[in-house]
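Residue numbers (the UniProt record's numbering): 1 to 162.
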């Protein structure tokens, strides 16, 4: 499941769901901001991975100041629609099966990110990691071990040593 939070609105996406964000009345999440395009971004699952795609917006989609056209969400993060300094912040919270009560869930197969789709796992891009400058209580932290993995820089999680 992917949780999308923007301007006080929260949407929960399940496998098979998709979401469009923009100013247009046809968008699933409407944002009345001139920096946001009519249809700015689409989020959907592709081959088992959540993929964020910029829909040819004028001001782009940014992660840690980097403009990206498409990427897969392999960890919780904040993206910015429009200029990195002044755009609209969108929080993407990746909830895994381990985070849910498994008693009511069917078995889920795991697939790698699609090859050749232009969407790469965000964690595979050097220098880019999730930015959660204001982490709400409990988001992405299941216990003290997870909290211990938080790097000295705000909100950037390190991978545990193998």
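Even for Gly, the Cβ is constructed at its ideal location relative to N, Cα and C.
Distance, residue j Cα to residue i Cα
i: residue 21; j: residue 96; result: 23 Å
i: residue 76; j: residue 25; result: 28 Å
i: residue 115; j: residue 44; result: Confidence in residue 115 is poor, its pLDDT being 47 and thus under 50, which makes the residue's placement too unreliable to answer from.
i: residue 38; j: residue 23; result: 4 Å
i: residue 88; j: residue 61; result: 10 Å
Where the beta strand (DSSP E) through residue i begins and ends
i: residue 76; result: Here residue 76 belongs to no beta strand (DSSP E), and DSSP marks it neither H nor E.
i: residue 91; result: 88-94
Three-state secondary structure assigned by DSSP to residue i
i: residue 163; result: Nothing about residue 163 can be reported from this structure: the residues present for the chain run from 1 to 162 only.
i: residue 54; result: strand
i: residue 37; result: coil
i: residue 23; result: coil
i: residue 32; result: coil
i: residue 13; result: strand
i: residue 47; result: coil
i: residue 2; result: strand
For residue i, the nearest candidate out of the options (CA to CA)
i: residue 29; options: 94, 50, 68 and 81; result: 81
i: residue 42; options: 35, 49 and 53; result: 53
i: residue 9; options: 31, 23 and 17; result: 31
i: residue 40; options: 94, 46, 48 and 79; result: 79
i: residue 58; options: 12, 83, 91 and 13; result: 83
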